[in-house]
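> The structure under discussion is supplied below as structure tokens; questions concerning it will follow.
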Amino acid sequence: SHHIRVAALTALCSVIERLRSSDELDDGQGKMRDDLLGKLRDHIRDEPAFIRQHCLELWTSLVIQKKVPVKQYIRVFELGLDRLRDKACRVRKHAVTLVMHMVLNNPYLFSFYFIF
């Protein structure tokens with residue numbers, strides 16, 4: 692059932708949120724975080740639109756909390772852009788929200804100020 696999948700994804704996201712910041716993680720915790728983020732990334736392309744939508748909501752939450760590692764930021768951004776062409780309107784809506792928050796919380800933004 693999709694309700695069980697939503698609950699599992701929400702629990703997975705909760706674990707990611709409770710992990711310490713990237714620079715405080717040991718190797719095992721970093722690998723666990725990367726594995727969990729990979730599982731969350733995989734579900735962006737699930738068949739049910741409700742799951743894709745919920746997954747995008749969870750990614751948006753992680754972006755707002757600055758829990759997405761810099762090395763995975765571009766990859767998640769590309770997944771959000773890809774979902775802008777989704778067949779389901781609600782998925783596209785949440786993809787726009789994710790992309791917007793990723794632009795607003797861009798970890799590379801600070802380095803651009805030094806260029807100019």
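Going by our numbering, the first residue of the sequence shown is number 692, and it counts up by one from there.
Virtual Cβ for every residue (Gly too), placed ideally from N, Cα, C.
Taking the continuous alpha helix (DSSP H) assigned at residue 781, which residues delimit it?
Your numbering for residue 781 matches position 90 in the sequence shown. That run of the alpha helix (DSSP H) goes 780-795.
> If I follow the unbroken alpha helix (DSSP H) through residue 732, where does it start and stop?
As a position in the sequence shown, residue 732 is number 41, starting the count at 1. First-last of the alpha helix (DSSP H) with residue 732: 718-733.
> Check whether the Cβ atoms of residue 767 and residue 774 sit closer than 8 Å, and answer yes or no.
Your numbering for residue 767 matches position 76 in the sequence shown. Your numbering for residue 774 matches position 83 in the sequence shown. Contact flag unset, no.
> In chain order, which continuous runs of the alpha helix (DSSP H) of length 4 or greater are located wholly inside the segment 738-776?
740-755 and 761-774, all fully within the segment 738-776.
> Straight-line CA distance for residue 785 to residue 719?
As a working mapping, residue 785 is identified with position 94 in the sequence shown. As a working mapping, residue 719 is identified with position 28 in the sequence shown. Their Cα atoms are separated by approximately 32 Å.
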